[in-house]
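So the protein sequences, as listed, match chains Y and D.
The opening residue of the first sequence carries number 121 in this note's numbering; numbering runs sequentially from there.
The opening residue of the second sequence carries number 11 in this note's numbering; numbering runs sequentially from there.
We put the beta carbon where it would ideally sit given N, CA and C, even for glycine.
One structure is given below, encoded as structure tokens.
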Amino acid sequence: MNRILCFLFCAAGLSVSYAAQPIASIVAQFKGPTSLAVNSFSAAIYTVTNNSSAPAVFDMKPLLGVTQVTELPNACHFPMTLGSGQICNLYLKITGSALAPTGLSGGPVVCISPSMLYCSQPSQADELNVTPAAPIPQNSWLNVLIAQSQPLANLVTYLNKIISLAPNLKQIHFRFPAGANNYSDYANLIKLFRTAYGTSLLIGFHPDASTSSYSDWGCASGNWQCVLNATIEAMNAVDNIADPNHTGLGFNIYSIEQSYVFPTTAPEDYRNVKACLNPPTVTPCPATQCGTCPSGVTTAVSPYVKFGSVLPSYGDCAGSTDCQYGADALDYGYPQYYNLGKQIGPYTELISNGFFPSTTTSCKTPPYSSHLYVVDEDNGSTPYDPQIPCNNPANTFVYPDPTTGSPPDVTVPSAYLSYLMTQLAPISNVPDVNGATVYITFSGEGPAAAPSLFLGALGWTLSNILNFYTKLNADFSTLYAQFPPPGDPMFANGIFAQGINPNAISYAIWNFSAILDNE
Amino acid sequence: MVQAGQTQSLYLVPEAYNTYVASTPTTTAASGELFLGLQLPVKTSYFVQFGVAAGINSRLSLQGNIWQLGEPDFNNFTYQYSLQHSQVLFKMRFLSSRFSHGFLPYLGAGIGAAFNRAYDFSMTPLAYEIVPEAPFQSNTKASFAYTVSAGFMLVLSTHWQLGLGYEFANEGQSQLGPSVMQTTDQTISLSHLYTNQLQFTLSYLSLGV
Numbered sequence: 121m122n123r124i125l126c127f128l129f130c131a132a133g134l135s136v137s138y139a140a141q142p143i144a145s146i147v148a149q150f151k152g153p154t155s156l157a158v159n160s161f162s163a164a165i166y167t168v169t170n171n172s173s174a175p176a177v178f179d180m181k182p183l184l185g186v187t188q189v190t191e192l193p194n195a196c197h198f199p200m201t202l203g204s205g206q207i208c209n210l211y212l213k214i215t216g217s218a219l220a221p222t223g224l225s226g227g228p229v230v231c232i233s234p235s236m237l238y239c240s241q242p243s244q245a246d247e248l249n250v251t252p253a254a255p256i257p258q259n260s261w262l263n264v265l266i267a268q269s270q271p272l273a274n275l276v277t278y279l280n281k282i283i284s285l286a287p288n289l290k291q292i293h294f295r296f297p298a299g300a301n302n303y304s305d306y307a308n309l310i311k312l313f314r315t316a317y318g319t320s321l322l323i324g325f326h327p328d329a330s331t332s333s334y335s336d337w338g339c340a341s342g343n344w345q346c347v348l349n350a351t352i353e354a355m356n357a358v359d360n361i362a363d364p365n366h367t368g369l370g371f372n373i374y375s376i377e378q379s380y381v382f383p384t385t386a387p388e389d390y391r392n393v394k395a396c397l398n399p400p401t402v403t404p405c406p407a408t409q410c411g412t413c414p415s416g417v418t419t420a421v422s423p424y425v426k427f428g429s430v431l432p433s434y435g436d437c438a439g440s441t442d443c444q445y446g447a448d449a450l451d452y453g454y455p456q457y458y459n460l461g462k463q464i465g466p467y468t469e470l471i472s473n474g475f476f477p478s479t480t481t482s483c484k485t486p487p488y489s490s491h492l493y494v495v496d497e498d499n500g501s502t503p504y505d506p507q508i509p510c511n512n513p514a515n516t517f518v519y520p521d522p523t524t525g526s527p528p529d530v531t532v533p534s535a536y537l538s539y540l541m542t543q544l545a546p547i548s549n550v551p552d553v554n555g556a557t558v559y560i561t562f563s564g565e566g567p568a569a570a571p572s573l574f575l576g577a578l579g580w581t582l583s584n585i586l587n588f589y590t591k592l593n594a595d596f597s598t599l600y601a602q603f604p605p606p607g608d609p610m611f612a613n614g615i616f617a618q619g620i621n622p623n624a625i626s627y628a629i630w631n632f633s634a635i636l637d638n639e
Numbered sequence: 011m012v013q014a015g016q017t018q019s020l021y022l023v024p025e026a027y028n029t030y031v032a033s034t035p036t037t038t039a040a041s042g043e044l045f046l047g048l049q050l051p052v053k054t055s056y057f058v059q060f061g062v063a064a065g066i067n068s069r070l071s072l073q074g075n076i077w078q079l080g081e082p083d084f085n086n087f088t089y090q091y092s093l094q095h096s097q098v099l100f101k102m103r104f105l106s107s108r109f110s111h112g113f114l115p116y117l118g119a120g121i122g123a124a125f126n127r128a129y130d131f132s133m134t135p136l137a138y139e140i141v142p143e144a145p146f147q148s149n150t151k152a153s154f155a156y157t158v159s160a161g162f163m164l165v166l167s168t169h170w171q172l173g174l175g176y177e178f179a180n181e182g183q184s185q186l187g188p189s190v191m192q193t194t195d196q197t198i199s200l201s202h203l204y205t206n207q208l209q210f211t212l213s214y215l216s217l218g219v
């Protein structure tokens, strides 16, 4: 039709009304952030379509601070040939330290190579627009985040807040609500995180399999095998989109926690769930090592994933003396370090020398009983009496909001936690974990969980969180210097003979949405 | 009136071309010249003038559309540029004083050299998503030109005449210069430029007998 119009109007010399169209359409799936701290990073994802009627080699004009990630599904890898109408996904990592001082305004620009004369760019609404911003505190010590809430609706905002909290993240576990079916949102989330953090990031599937979730999963109350099956189906559905070739680019870990519908009291309970998630390492597998996937789970997991659990303690697996770690049970453990109480024992001078801030010990007078408990929570039902800290209302964490607590003090949690951690695995001793990896897990709960809140309280800015970690390690050094071997060593029997060096501990935060809200 | 603009496809790089779809300008050019010559009588009441004329035209604006890759689906830019024409011609005129001694009709013709400067090339993308190409640069081209004309000369004094008339001309060739991004030397060119103009002439004549 357009050609007939041209025949009529071209001859008369009138201007032709063909539409304009860029040779390549570059459309934002996820635009990058509008500002980026110079010591941070982020991601953007575009689709690029060759609109011409012939194949051509395309290339992207270099952009300072922007690199292509090419290991993800159907990734563009410029320079590359695109057939007529062919689409590829342009995964871009944006690095704050590599940005020009003026940041990014415009692009990505894709041109026919090698002449780079025929160039196209995104629409004005879609183009990159990033202003460098002041550096932010780097909590590089945070290796794992486990979500208790579903992702924010704006996936890029969710990504950027998590990057700000944990730039050195090794694992992220996304919360999947019972019965949810927005699989493509989770696939997009996975692609965004892999673009920003790199493909070595491990991504966990953390479904809501709590005891109130049966009906949302379409299961009869009590039928936990049905819930396990439904969660595996959901995880597979996301992986089919995010990782169609099953090369480990989708979910890598399936994680559960306490108060889930799955039984976790008998030794074989963890092994039976794991048997549904990945194959045994020893074949044939002895009954004492391997479980059997319950018959109610009919869906085969695809691809295989590792198995992790948020545990009540490091070595004590829900009361069982047979720790369920290792190649045929849990691959990852995330013991929650709260609800702790340990006696002061021979270390009473820590009270008199002010290691425990005097505002928290003033209710006790010397001589200090060795039976005095050091606690992080007075939950009213524990036999922690007598105890420090003082003036602690029942059923509260003792860790005050560092800016509004009584008194506001960033150092109270580090003093109490550092002591408590020396009395527990892995510093006091290391249980045999058979090759599993265990992360000490702090709570990120905030005002919604009050009074049981820790790093999600309002005063826990990123800077204060970093101060807490710095002080925690300084406190370990203080304790080690104060109680060296051979006397009554704090770190049992010599230089970490039974325990590990606190510097080697890897840390996680469980339930971190309040921390993101505070950013 | 100018009949100009020639649609052409150009390879700015070896692997692909643009089609420059010219639209016909509607502006009317005007020109002025200075004529220095000799006037001789040929018969009673008839004269011939011959000499050298140097003249320039008013600026001509040409425009059109650009189809990238030569495809009408990629009608992606409008373009425009200017032409400035100047010339040096040997001109001859036949005049008659039969009707009046102060107001002489003439017929004329001329041939010589044209100097056409093509400049101020710009291209405007028709959508934000289309990235501009580097523009052609300016260039002056010399070529052969000729004219035929008719009009009236007003006798100002013994040696000075002022003329007003119609002139048809082929103002010669023009060509833009290459852009900084292209690897070939193909640029927009016109092989001829036909004009129909209103012409002003100021003549200084040496009279022969």
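CB contact flag (A140 (chain Y), A137 (chain D), <8 Å):
yes
Assuming G173 (chain D) and S110 (chain D) make a contact with CB atoms under 8 Å, what is their CB distance in whole Å?
About 14 Å separates the two Cβ atoms, so there is no contact after all.
Taking 8 Å as the CB-CB limit, is P242 (chain Y) close to chain D?
yes
Cut-off 7 Å between Cβ atoms - residues of its own chain near A218 (chain Y), not counting five sequence neighbours on either side:
L184, G185.
Unbroken beta strand (DSSP E) run spanning D179 (chain Y), endpoints
176 to 180
Give me the Cβ distance between P575 (chain Y) and G564 (chain Y), rounded to the nearest whole Å; I'm assuming they're in contact under 8 Å.
Looking at the sequence itself, residue 575 (chain Y) is Leu, so the reference to Pro does not match. Correct: roughly 5 Å between the Cβ atoms.
Grab me the residues of S155 (chain Y)'s own chain with a C-beta within less than 6 Å of its C-beta, minus the 5 sequence neighbours each way, in chain order.
T251, A253
Which of the three DSSP states, helix, strand or coil, is assigned to I124 (chain Y)?
Residue confidence is low: I124 (chain Y) scores 49 on pLDDT, short of 50, so the model does not pin down where it sits. Its coordinate-derived value is still stated next. Three-state DSSP puts I124 (chain Y) in a helix.
Could you name the residues of the same chain whose beta carbon sits closer than 6 Å to that of D363 (chain Y), not counting the 5 residues immediately before and after it, in chain order?
The residues are L369, G370.
Please identify, using Cβ separations under 7 Å, the residues of the region 218 to 238 of chain Y that lie next to chain D, in order along the chain.
Residues of the region 218 to 238 of chain Y with a Cβ closer than 7 Å to any Cβ of chain D, in chain order: V229, I232, S235, L237, Y238.
For F588 (chain Y), which residues in the same chain have their Cβ closer than 7 Å to its Cβ, ignoring the five residues on either side in sequence?
Sequence-distant Cβ neighbours of F588 (chain Y) in its own chain, meaning closer than 7 Å and more than five residues away, are V530, P533, S534.
Along chain Y, in chain order, which residues have C-beta atoms closer than 7 Å to that of F84 (chain D)?
By Cβ distance, chain Y contributes Q141, I143.
CA-to-CA distance, G453 (chain Y) to L279 (chain Y), given in whole angstroms:
24 Å
Out of D:F84, D:L117, D:R69, which has the shortest C-alpha to C-alpha gap to Y56 (chain D)?
Measuring C-alpha to C-alpha distances from Y56 (chain D) to each of D:F84, D:L117, D:R69 identifies D:L117 as the nearest.
Across which residues does DSSP place I121 (chain D) in a beta bridge pair?
Beta-bridge pairing links I121 (chain D) to D:F100, D:Y156.
Identified DSSP bridge partners for P135 (chain D)
Per DSSP, the beta-bridge partners of P135 (chain D) are D:F87.
Look at the Cβ atom of G216 (chain Y), then the Cβ atom of F161 (chain Y), and state whether they are nearer than 8 Å.
yes
Answer yes or no: does any C-beta atom of chain Y fall closer than 8 Å to that of L22 (chain D)?
yes
State the Cα-Cα distance for the pair C664 (chain Y) and P142 (chain Y), rounded to the nearest angstrom.
Not covered by the structure: residue 664 (chain Y). The range shown for chain Y is 121 to 639.
With distances taken between CB atoms, is the gap from Q59 (chain D) to G74 (chain D) smaller than 8 Å?
no
If you compare alpha carbons, which of Y:P477, Y:L460, Y:T479 is closest to Y493 (chain Y)?
Y:L460
Return helix, strand or coil for V550 (chain Y), following the three-state DSSP convention.
coil
Would you check whether the ligand MG has a heavy atom nearer than 7 Å to the C-beta of T17 (chain D)?
The ligand MG is not among the ligands present in this structure, which contains no ligands whatsoever.
Check the Cβ of V141 (chain D) against every Cβ in chain Y and list those closer than 7 Å, keeping chain order.
V229, C239, S240, Q241
Taking the alpha-carbon of D305 (chain Y) as reference, which of Y:P221, Y:Y238, Y:L275, Y:T542 has the nearest alpha-carbon?
Y:L275
Flag this pair as touching only if the region 172 to 184 of chain Y and the region 117 to 127 of chain D have three or more C-beta atom pairs under 8 Å; answer yes or no.
no
Taking 8 Å as the CB-CB limit, is L136 (chain D) close to chain Y?
yes
At what residues does the beta strand (DSSP E) containing M200 (chain Y) begin and finish?
200 to 202
Partner residues on chain D for Y166 (chain Y), Cβ-Cβ distance less than 7 Å:
The contacting residues do not exist; Y166 (chain Y) stays about 12 Å from chain D at best.
Using a beta-carbon distance below 8 Å, is S172 (chain Y) in contact with chain D?
yes
Which runs of the beta strand (DSSP E) at least 3 residues long sit entirely within the region 229 to 300 of chain Y? Give them in chain order.
Counting whole runs of 3 or more residues, the region 229 to 300 of chain Y contains the beta strand (DSSP E) stretches 230 to 232, 249 to 253, 262 to 266, 291 to 296.
Put L540 (chain Y) into one of helix, strand or coil per three-state DSSP.
helix
So within the region 383 to 432 of chain Y, which uninterrupted alpha helix (DSSP H) runs reach at least 4 residues, ignoring any that extend past its ends?
387 to 397
For G338 (chain Y) and V550 (chain Y), I'd like the C-alpha separation in whole angstroms.
Cα to Cα, G338 (chain Y) sits roughly 41 Å from V550 (chain Y).
Minimum length 4: unbroken alpha helix (DSSP H) runs contained in the region 305 to 365 of chain Y
344 to 362
Tell me the rounded alpha-carbon separation between Q171 (chain D) and I198 (chain D).
40 Å
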